[in-house]
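*Asks:* First the structure, then my questions, so here it is.
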Amino acid sequence: MDYRSTTERSIRDPEGFWLEAAEAIDWDVAPTAAVDASNAPLYRWFADGMLNTCYNALDRHVIAGRGDTTALIYDSPVVGAKKSYTYSALLEKVAQFAGVLADAGVSVGDRVVIYMPMMPQAVVAMLACARLGAVHSVVFGGFAAKELAARLDDAEPSVIVTASGGIEPSRVVEYLPTIVTALELSRGTVRTVIVKDRPEVPGSARELEGAAGVDWWDWDEAAGAATPHDPVPVRATDPLYILYTSGTTGAPKGVVRDNGGHAVAMAWSMRNIYDVHPGDVMWTASDVGWVVGHSYIVYGPLIAGATTVLYEGKPVGTPDAGAFWRVVSDYRVKVLFTAPTALRAIRKVDPHAALADQYDLGSLDALFLAGERLDPETWTWATALLDKPVVDHWWQTETGWAICASPRGIEELPLRAGSPSFPVPGFQVEIVDEHGHQQHPLTEGNIVIRLPLPPGTLSTLWRGDDRYVHSYLSAFPGFYLTGDSGYFDREGYLYVMGRTDDIINVAGHRLSTGSMEQVLAQHPAVAECAVIGVADQLKGQKPVGYVVLKSGSTPVESELAAELVAMVRDQIGAVAAFRDVVVVSALPKTRSGKILRKTMRQIVDGEDYVIPPTIEDTQAIQVIVDSMARG
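Mapping to this note's numbering: the sequence shown position 451 is 465, numbers consecutive.
This is the structure we're talking about:
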């Protein structure tokens, strides 16, 4: 079937379409129905089915005689390590660590927070949780103690799995002090912290015994004493993981992914979007702390029986801008998936791609990009460099897989710069105005998706059904609000223009400007402030803080900026990439007191803007314009 007929069937007969897709999964109890609408708009998929996600990612491939196939390749230029794991070897390690978690009292439904760098043990820990039917929540190692504590309080885990630290090209990041502080800030549900020591990083579990009132276990010692654990069947609707994404209020939102719908979506998307099959090598150059890492470093490739690459390094500097091409060449990568930020970093250092000429890229079938808007210049540069399809595709933490793409496993559709192509089968995407009226082609509006969302998308927010409905489903009844604006052209290509709220996208990381504003407002010299995301050639967007000083405050602007940057780094983390502060005399606001962040962003980005009729003080607009003139 071609793209059009496949899409039409997914809309006309979603029940038959997704039950057929579910046949790619091994079930303990096969589902008899696809979608359960009994609690709409909170839909559930394959509600009467039972399965184990880890079994589908590992055991079934070993049982089928493919145990000697390479499952995971670990490549770490920062520590000089390379190692491959067959499906049999990875299964052995996962079963053993599942036994460790069981010894720590973890069982079906319990939460485990994983705070680890890009090392094989992070993948093992995720799969071990899935094996037990436990719910993992991976927190990116770059987050500060306060942010980690907020996630501990929300998820209420009994166990944290971590490493002694992460390794950057220019520094070592110790994790254990951050975890101790987070435990002291949190409400105290954690009983055990399991630590994988890294010889390159100071600190160990033994040195921390008794700290923060929890038990500290050494990974290797615990694994040596544990009994391997069998996979535990769970309901398809049981949660597999919680993944936190920034909320507009600054409070993290825990996106809940179920087991059954997720497994079906991963299997379907690997085959139909990425055209990756058993034995193929897929490298997703992301981090397991983000949704891309969950879906296409860990679960998608392994459920498909493919080989996945786990890369602990950077696109440049480890050791140079040829690092990505070296990995593609070394492991005969068929599909590379990364963020536009990575390509922009490579292009900045090696604009003519001279380093790519040193490597054999003949294995590469396609490059997939997602995470933030792909600018046409980068798309054109990559297409010319590789002479292969460069597929822009669009999705969110909440959806877990692509909303729009060119599905290479179904039909190779023409690609267009600036567009992630067409809605993926199962996603009914529409453009509506503020009243919910459908827009004509070439007219920008709110991008919404008709309910029910397909399998693999969020089922709810953790302990937050009402918040889920309020945040995503209430603005336009019957639709999921993506929070993005955009338009369709006359041929049906979607163009995503940007966010409609105050979430900004820094190098593929969704961050709340509201949470940064809360930090800036704590400074004794700051009367009010606004943080906006402005266009950045490398990172897509970067946060810039505009602050109004309290009367009588006369700090040196450079010293104030340094203090504010340090505060954001301490309370949110280096991942925020907050470095720019501008002192202004006023912020543009409406009469109701709402700061006109969108207008500010348009001014700073050099876009056309319209001064809203509800503005309180038009001179405040000129203040922002003048600040731009000052540089």
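Heads up, the beta-carbon is just placed ideally off N, CA and C, and yes, glycines get one too.
This structure is a prediction, so every number in the text was calculated from the model and none was measured.
(1) Checking contacts by CB at 7 Å: is W32 closer than that to chain C?
(2) Given this structure, state the Cα-to-Cα distance separating D117 from W231, to the nearest angstrom.
(3) By DSSP, does K348 sit in helix, in strand, or in coil?
(4) Please go through the region 232-316 and give each complete alpha helix (DSSP H) segment of 4 or more residues, from N-terminal end onward.
(5) Would you be able to state if there are at least three C-beta pairs under 8 Å between the region 237-248 and the region 210-229?
(6) On the criterion of 16 or more Cβ atoms from any shown chain inside 10 Å, does T457 qualify as buried, or is it exposed?
(7) Within this structure, are the beta carbons of A169 and I77 separated by less than 7 Å?
(8) Give, in chain order, every unbroken run of the beta strand (DSSP E) that is at least 3 residues long and sits entirely within the region 82-155.
(9) Counting beta carbon pairs with one atom in the region 459-469 and one in the region 57-73, are three or more of them shorter than 8 Å?
(10) Can you check DSSP and say which residues form a bridge with R23?
(11) Alpha carbon to alpha carbon, what distance is there between H451 and I463?
(12) If we require 4 or more residues per run, which alpha helix (DSSP H) segments fall completely within the region 509-556?
(13) First and last residue of the alpha helix (DSSP H) that includes F31?
(14) Starting from V173, trace the beta strand (DSSP E) both ways and give me its first and last residue.
(15) Note down the Cα distance separating R477 from Q372, rounded to an integer number of angstroms.
(16) Does V639 pass the burial test, meaning 16 or more other C-beta atoms within 10 Å, or should it be called exposed?
(17) Answer yes or no: do A277 and N70 have a C-beta to C-beta separation smaller than 7 Å?
(18) What does a CB cutoff of less than 6 Å around A148 pick up in its chain, not counting 5 residues either side in sequence?
(19) Use the C-beta contact count for S606: other C-beta atoms within 10 angstroms, 16 or more gives buried, fewer gives exposed.
(20) Please report the distance separating the alpha-carbon of T693 from that of A279.
(21) Where L508 and E391 are concerned, what is the direct C-alpha to C-alpha distance, given to the nearest angstrom?
(22) Can you pull the DSSP bridge partners for M64?
(23) Please determine whether the Cβ atom of E621 lies at a distance below 6 Å from any heavy atom of the ligand FAD.
(24) Are D480 and P434 touching if we call contact CB-CB under 7 Å?
(25) Measuring straight from C-alpha to C-alpha, what distance separates L190 and A225?
(26) I need the straight-line Cα distance from Y99 to G528, nearest angstrom please.
(27) Assuming contact is defined by CB atoms lying nearer than 7 Å, are A299 and L357 in contact in what I supplied?
(28) Taking the straight line between their C-alpha atoms, what separation do you get for T176 and L400?
(29) Grouping DSSP H, G and I as helix and E and B as strand, with all else coil, what is K160?
(30) Tell me, to the nearest whole angstrom, how far the beta carbon of G179 is from that of V187; I am working on the premise that it is less than 8 Å.
(31) Given this structure, state the Cα-to-Cα distance separating R430 from V438, to the nearest angstrom.
(32) If you count every other CB in all the chains shown that lies within 10 Å of the CB of A541, and 16 or more means buried, which is it?
(33) Look up D579 in the DSSP assignment and say whether it is helix, strand or coil.
*Replies:* To lay it out plainly:
(1) Although the question refers to chain C, the structure presented lacks it and comprises just one protein chain.
(2) 11 Å
(3) coil
(4) 233-239, 274-286
(5) no
(6) exposed
(7) Taking the C-beta atoms as reference points, I77 is found no nearer than 7 Å to A169.
(8) 84-90, 95-100, 125-129, 149-152
(9) Judged by Cβ distances under 8 Å, the region 57-73 makes contact with the region 459-469, as three or more pairs qualify.
(10) DSSP, once it has assigned bridges, lists no residue as partnering R23.
(11) Cα to Cα, I463 sits roughly 13 Å from H451.
(12) Taken in chain order, the complete alpha helix (DSSP H) segments of 4 residues or longer contained in the region 509-556 are 527-534.
(13) Per DSSP, F31 belongs to the alpha helix (DSSP H) from 28-35.
(14) For V173, the enclosing beta strand (DSSP E) starts and ends at 173-177.
(15) Rounded to the nearest angstrom, the two C-alpha atoms are 51 Å apart.
(16) exposed
(17) yes
(18) V120, D124, V126
(19) Confidence at S606 is low in this model, with a pLDDT of 48, below 50, so the placement of that residue is unreliable and no value is reported for it.
(20) Absent from the model: residue 693. The displayed extent of the chain is 15 to 645, so no value can be given.
(21) 18 Å
(22) V43, R249
(23) Looking for the ligand FAD in the displayed structure turns up nothing, as the structure carries no ligands at all.
(24) no
(25) 10 Å
(26) Rounded to whole angstroms, Y99 to G528 spans 43 Å at the Cα level.
(27) no
(28) 38 Å
(29) helix
(30) 5 Å
(31) Taking the straight line from one Cα to the other gives about 16 Å.
(32) Its Cβ having fewer than 16 others within 10 Å, A541 is exposed.
(33) The residue you asked about is not Asp; residue 579 is Val in the sequence shown. The three-state reading of DSSP puts V579 in helix, counting H, G and I together.
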